[in-house]
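Trainee: Going by this note's numbering, the first residue of the sequence shown is number 64, and it counts up by one from there.
Note that CB positions come from ideal geometry on N, CA and C, so glycine has one too.
Have a look at the structure that comes next, please.
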Amino acid sequence: MLTPKSSRSTPERLLDAAETLMRTTGLASATTKAIAREAGCSEAALYKYFANKEELFVRVLMERRPNAGAMMAALTSDPGEQPVEERLTEIARYASLFYAEAMPMSGSLFADPVLLTRHREGVRSIGAGPHMVLEALTGHLFRELERGRLRPDADPAAAAALLLGACFQRAFFLHFSGPDTVGPVEEFAPAVAATVWAALR
């Protein structure tokens with residue numbers, strides 16, 4: 064059962080409001096004033112807890128979308144003896160689902176160059192950005208290379224770009240061309256992981 068809005072803390076109400084507006088009206092229309100109004104507080108209160116709208120967006124993506132935390136755990140945790148291909152399959156699955164969730168929320172930014180620039184600067188100011196996922200996967204593959212689990216001439220950065228690029232493209236086709244243009248993620252993720260692994264092993 065949902066907790067009544069009045070009993071939730073102000074930061075939680077603001078995150079609830081940001082998630083609702085970003086999912087229904089898009090990031091471009093989800094202004095700090097609208098988010099504060101939806102949360103039942105002042106815009107000044109929003110800035111007491113969050114540096115900017117971009118921080119709210121990042122927090123919503125990373126804390127409220129179920130695949131974000133799992134994706135980052137798969138990217139950053141020690142795989143132990145888990146086979147590399149198996150871990151790549153996990154990452155591809157979570158990344159595919161994460162990009163599919165994030166794309167509708169952020170798509171409206173690209174219609175307004177000024178807003179996109181402001182968003183980029185705001186995200187950079189809090190030390191975040193979509194490139195961090197690529198950097199995390201590249202780092203993960205470099206660690207596997209150091210452990211001797213990849214071929215010596217493997218290129219972790221290129222492999223990371225290929226895997227995440229395929230996941231992002233699937234999300235784009237899903238939303239732009241429709242679900243009938245992409246295969247189920249349960250089939251897509253292992254296929255992409257196997258292809259990348261074939262170039263690394």
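Excluding the 5 residues flanking T85 on each side, which residues of the same chain have their C-beta closer than 7 Å to its C-beta?
Mentor: For the purposes of this step, residue 85 is taken as the residue at position 22 of the sequence shown. For the record, residue 85 in the displayed sequence is Met; it is not Thr. Only A93, F120, V123, M168 meet the Cβ criterion.
Trainee: Starting from the C-beta of L65, find all residues in its chain whose C-beta is less than 7 Å away, skip the five residues before and the five after it, and write them out in chain order.
Mentor: Taking the sequence shown and counting its residues from 1, the one referred to as residue 65 is at position 2. Because the pLDDT of L65 is 45, which lies under 50, any placement of that residue in the model is unreliable, and the number read from its coordinates should be weighed accordingly. Excluding positions up to five away in sequence, the list is empty.
Trainee: Cα separation between R150 and G192?
Mentor: Position 87 of the sequence shown holds residue 150. Position 129 of the sequence shown holds residue 192. Whole-angstrom Cα-Cα distance: 23 Å.
Trainee: Suppose contacts are defined by Cβ-Cβ distances below 8 Å. Is R214 in contact with R264 by that definition?
Mentor: Here the question's residue 214 lines up with position 151 in the sequence shown. Here the question's residue 264 lines up with position 201 in the sequence shown. At a Cβ-Cβ threshold of 8 Å, R214 and R264 count as neighbours.
Trainee: For the stretch 135-210, list the beta strand (DSSP E) runs that are entirely contained and at least 3 residues long, ordered along the chain.
Mentor: Listed in chain order, there is nothing to give.
Trainee: Could I get the ranges of all uninterrupted alpha helix (DSSP H) runs contained in the stretch 105-135, with 4 residues as the minimum, in chain order?
Mentor: 106-112, 116-122
Trainee: Look at the alpha carbon of Q145 and the alpha carbon of R212, and state the distance between them as a whole number of angstroms.
Mentor: Taking the first residue of the sequence shown as 1, we reach residue 145 at position 82. Taking the first residue of the sequence shown as 1, we reach residue 212 at position 149. Roughly 11 Å separates the two Cα atoms.
Trainee: Distance check for P253 and G162, CA to CA, integer angstroms please.
Mentor: Taking the first residue of the sequence shown as position 1, residue 162 is located at position 99. Taking the first residue of the sequence shown as position 1, residue 253 is located at position 190. The displayed chain sequence assigns Tyr, not Gly, to residue 162. Distance between the alpha carbons of Y162 and P253: 17 Å.
Trainee: Kindly confirm or deny that the stretch 175-187 and the stretch 93-108 touch, where touching means at least three C-beta pairs closer than 8 Å.
Mentor: no
Trainee: Check whether the stretch 223-230 and the stretch 197-205 touch, using three or more Cβ-Cβ pairs below 8 Å as the test.
Mentor: yes
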